[in-house]
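Enquirer: As they're listed, the protein sequences go chains A and B.
For the first sequence, this note's numbering assigns the number 390 to the last residue and increments by one with no breaks.
For the second sequence, this note's numbering assigns the number 767 to the last residue and increments by one with no breaks.
Glycine included, each C-beta is placed from N, C-alpha and C at the ideal position.
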Amino acid sequence: MIGPESHEMNWNLTDDQQMVRDMVREFVAAEVAPNAAEWDRNKYFPSDIFDELGKLGLFGMVVDEEHGGAGLDLIGYCLALEELARGDASTCVAISVTNSLFCAPLERYGTSEQKERFLCPCVNGEWLGAFCLSEPGAGSDAAALSTIARREGGDFLLSGSKAWVTNGAVCGAMLVFAVTDPESSRNRVTAFVIPADHPGVSIAHEEDKLGIRSSRTNQVALDECRVPPEWVLGEEGQGLAIALNSLDGGRAGIAAQAVGIGHAALVSTLDYVREREAFGGPIGRFRGLQGKLAMMAAHIRAARLLYLRAAWLRDNGEPDTMAASCAKLFASETANWVSYQAIQMHGGYGYVTDYPVERLYRDARVTTIYEGTSEIQRLVIARQLTAGLG
Amino acid sequence: MDPRLSETEKALRDLVRAEVSAIGVAADDIDQGVTTAANAINGLATADILGIYAPETHGGCGAGPVELALVSEEIGAASATVGVVAISHMVSSFLLDTLGSPEQKQKWFPADADGTTLLALVLDCASSLLESPRCGAHGEKATGGFYLDGKARAVTGLTLSDSLIVPMEVGDTLMLAIVEVDSDGVSIGVEARQLGLNGAGLASVEFNRVHIPAGSILSAGNVVETMRIADDLFRIGHAGLCVGIGRAALEASTAYVSGAGGALCREQSVQWMLADMATETEAARLLTWYAASRTVSGEMREAAPMARLLAADGAVRASRSAVQISGVAGNERGSGVERLYRDAKAMELHHGAVEVQQLAVAGEILPGLVKDMSPWQ
């Protein structure tokens, strides 16, 4: 017989997690959300707001207190990202890349000198980080990189072009992945951490994007960029593993960002259907719309639980690859579907900039693309499911 | 936060998983009417699974909604037909436990919870697109009790049950009567063939001046509030069944693709279907667990219908993919996956269709704009 004790599954947040969520929520409501539409319209990167966010410690949320960071667990970090994305997905992605794709790998693989030089400025809110993996001809197929790091004397000379670099033009330092051993299949790539103003690094191009328009996305050109061996992150040849591990850790964060976008679209729509009258009363009284809103809310809630669970697994050192991919896949597809429906319910008003939903719709779009497309997430999940079969 | 199962919960899940394997083997036979669900139900009763909602003094374990969700997923993975009958019994047990007097519990909870008394809650699902399942029966005061009249067109578990819990209106008051199926004036119809959930004892019932002794009225508490909780428990249980269907579809598919040298494992269209099945099943499972952990407190009342919605949707999609992955073999009657597909579709209708669940959610997120769908006012 099963014993009498009944355990309440615990979905409650810790005090620290609630505190960071509330702090970010408050800041976003006051400083970010009211300006997001204008920043989007002007493709304006709000440096002054980032100064404030840096002072709040949001550039180094995941960094251990030992290294001066906030020492947040992944759950708290994801909650903060969701709050940022509710207000402005562009602001959110700049913070997300800095934390998951710059600070986290530096903390995990960096030497103490590297941490001192490159991590501390993030933790202190002085600069943002960037992650240079993709190239014009290599996206999902990260092993196909063509940026070369060739030995010269004791140094490396990096040449090539990096694409889709978030924060490229506004970062203090970047993580650059380049080929050091073209003959090897497993140890082909090495990670380097390079100051943004280093000779040989230049911002070649700024992308004109569908969404997250107030964030910076650049092509970065490396032209005979001389890098000392002290800037190699981890071991030579370990680059691809570092890249994939960083992306794994970032997936729950992108899922949280997508949930934030979807949540904002839902909230805006719930307000709208209450205000907007047609056929003699608010349109929210129509059952067809009520049913759709219920599905939107259910998907958003489930997506939130998926990212919380993925984050919990990583925080507790348990395998999280599948959970993180499920969360990213479900949340990003949900954000797209929800924001699409949100526009539909706003009718013509949803199609113009009077309401936030058209921006949310554009901002949602990238979430199924960056940090592993939905297609790549499906492959990752399927491989886990069929490992050892066939 | 700790979204894991406790050791106790894991033990319960594993026990149920072991017990239901025989039900899984019989599921296609139950579906096709070769055998009835009675054996399976008795098996669950003997293993003390059916009685989890009974009080400890009557062989149960005083379970809560989380346990209900876990048990439901396991039974649903084996046979959703058996699942809907079991859930009607478990929710009825909850009502008996919450509203019954000590004498009533003594009478209707068998001493060892061996389930010789199978309970069904008489809720009519025939108008499921338009309203929550309700019962149109009414009672009239009589010497020493009441007379019960009324009928319901589609009630789950009827042809399998021993006793019925019947919500009846007496004037403006909602009362719950326990009625033996062989009482004078009770006539139960025959089960028709269904698309899905075949063999779940779905039938009509008519009450003609059935005498209900005062001792058969469950009234030791707030009946309306308890019935609202019962609705949420049905949602949790049915969501759990749907998660089980989704899981069974995924398991059948991974087993199928591992054959024939694993060529299908490497086929991208199959990989994508598997990934979506796993993702949507996990999403529905987490939402079901979450709703279950919140239901009793009444907090987040929208979570239970949300879980029910998402889980039914996921079960249909997953089982449809499972049929597709199995190719022509999946289309064969008795393939297992075609039953999952039919059962999943029926779960979109069963006991409050998805439309009704959507309105229950909408009522919470759009307060003031949505008519309260609950029949329990």
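#1: What residues of chain A sit near Ala668 of chain B, judged by a beta carbon separation below 9 Å?
#2: Name, please, each residue of chain B whose Cβ falls closer than 7 Å to the Cβ of Arg276 of chain A.
#3: Note down the Cα distance separating Asp315 of chain A from Ala542 of chain B, rounded to an integer number of angstroms.
#4: By Cβ distance below 8 Å, which residues in the same chain neighbour Gln714 of chain B in space, the five residues on each side in sequence not counted?
#5: Counting only C-beta atoms, is Arg285 of chain A closer than 8 Å to chain B at any point?
#6: Once you ignore the five residues that flank Ala258 of chain A on each side, which residues in its own chain have a CB closer than 6 Å to its CB?
#7: Using a Cβ cut-off of 8 Å (strictly closer), state whether Gly575 of chain B contacts chain A.
#8: Hey, could you find the ends of the beta strand (DSSP E) Pro195 of chain A is sitting in?
#9: Identify the continuous beta strand (DSSP E) that holds Gln341 of chain A and give its terminal residues.
#10: Specify, as a first and last residue, the run of the beta strand (DSSP E) that Lys761 of chain B falls within.
#11: The alpha helix (DSSP H) that contains Glu530 of chain B, what's its start and end?
#12: Apply the 10 Å Cβ neighbour rule to Glu230 of chain A and answer buried if 16 or more other Cβ atoms are within range, or exposed otherwise.
#13: Can you give the Cα-Cα distance for Asn99 of chain A and Ile442 of chain B, rounded to whole angstroms?
#14: Rounding to the nearest angstrom, what Cα-Cα distance links Glu5 of chain A and Ile300 of chain A in this structure?
#15: Which of the residues in the segment 609-641 of chain B, read from start to end, lie with their CB under 8 Å from any CB of chain A?
#16: Using CA coordinates, which residue listed in B:Glu581, B:Ile578, B:Gly717 and B:Phe624 is at the minimum distance from Val647 of chain B?
#17: Could you tell me which chain B residues have their CB closer than 7 Å to the CB of Met345 of chain A, listed as they occur along the chain?
#18: Can Thr166 of chain A and Ser215 of chain A be called in contact, C-beta distance under 8 Å?
#19: Note down, one range per segment and in chain order, each alpha helix (DSSP H) of at least 4 residues found wholly within the segment 640-725 of chain B.
#20: Considering only the alpha carbon of each residue, which of A:Leu58, A:Val93, A:Tyr44 and A:Ala143 lies closest to Gly250 of chain A?
#21: Does the CB of Asp487 of chain B have a neighbour CB from chain A at under 8 Å?
#22: Kindly list, in the order they appear in chain B, the residues whose Cβ is closer than 7 Å to that of Trp312 of chain A.
#23: Lys761 of chain B: buried (16+ other C-beta within 10 angstroms of its C-beta) or exposed?
#24: Please classify Val600 of chain B as buried or exposed, where buried requires at least 16 other C-beta atoms within 10 Å of its C-beta.
#25: For the segment 75-86 of chain A, which residues have a CB atom closer than 8 Å to at least one CB atom of chain B, in sequence order?
#26: For chain A, find out if any of its Cβ atoms is closer than 8 Å to the Cβ of Glu672 of chain B; answer yes or no.
#27: Whole-angstrom Cβ separation of Ala323 of chain A and Leu313 of chain A, contact assumed at under 8 Å?
#28: Between the alpha carbons of Ile148 of chain A and Arg108 of chain A, how many angstroms are there, rounded?
#29: Counting only Cβ-Cβ distances shorter than 7 Å, please list the residues of the segment 746-761 of chain B near chain A, keeping chain order.
#30: Consult DSSP for Cys583 of chain B and reduce its assignment to one of helix, strand or coil.
#31: At least one CB of chain A closer than 8 Å to the CB of Leu519 of chain B: is that the case?
#32: Determine which residues share a DSSP beta bridge with Phe597 of chain B and list them.
#33: Of all Cβ atoms in chain B, is any one closer than 8 Å to the Cβ of Pro182 of chain A?
#34: What is the rounded straight-line gap between the Cα of Gly281 of chain A and the Cα of Leu756 of chain B?
#35: Note down the Cα distance separating Asp141 of chain A from Lys43 of chain A, rounded to an integer number of angstroms.
#36: If we ignore side chains and look at the alpha-carbon of each, how far apart do Glu738 of chain B and Glu745 of chain B end up?
Expert: Per the coordinate set shown:
#1: Met322, Cys326, Ile381, Ala382, Gln384 and Leu385
#2: The premise fails here: Arg276 of chain A is roughly 12 Å from chain B at the closest Cβ pair, so nothing lies under 7 Å.
#3: 52 Å
#4: Met663 and Gly720
#5: yes
#6: Ala331, Ser332, Ala335 and Thr367
#7: no
#8: Val189 to Pro195
#9: From DSSP, Gln341 of chain A is part of no beta strand (DSSP E) but of the alpha helix (DSSP H) over Thr321 to His346.
#10: Element bounds for Lys761 of chain B: n/a, residue is neither H nor E.
#11: Note, Glu530 of chain B: premise wrong, no alpha helix (DSSP H); beta strand (DSSP E) at His528 to Ala532.
#12: exposed
#13: 47 Å
#14: Residue placement at Glu5 of chain A is flagged as unreliable, the pLDDT there being 34, under the threshold of 50; the coordinate-derived value follows with that caveat. Whole-angstrom Cα-Cα distance: 32 Å.
#15: Leu640
#16: B:Gly717
#17: Those within 7 Å of Met345 of chain A in chain B number zero; the least Cβ separation is about 12 Å.
#18: yes
#19: 658-685, 693-715 and 718-721
#20: A:Val93
#21: no
#22: Met391 and Pro393
#23: exposed
#24: buried
#25: Ile75
#26: yes
#27: 5 Å
#28: 24 Å
#29: Gln748, Leu749, Val751, Ala752, Ile755, Leu756, Leu759 and Val760
#30: The displayed chain sequence assigns Arg, not Cys, to residue 583 of chain B. Note: Arg583 of chain B maps to coil in three-state DSSP.
#31: no
#32: B:Gly540 and B:Val576
#33: no
#34: 14 Å
#35: 30 Å
#36: 9 Å
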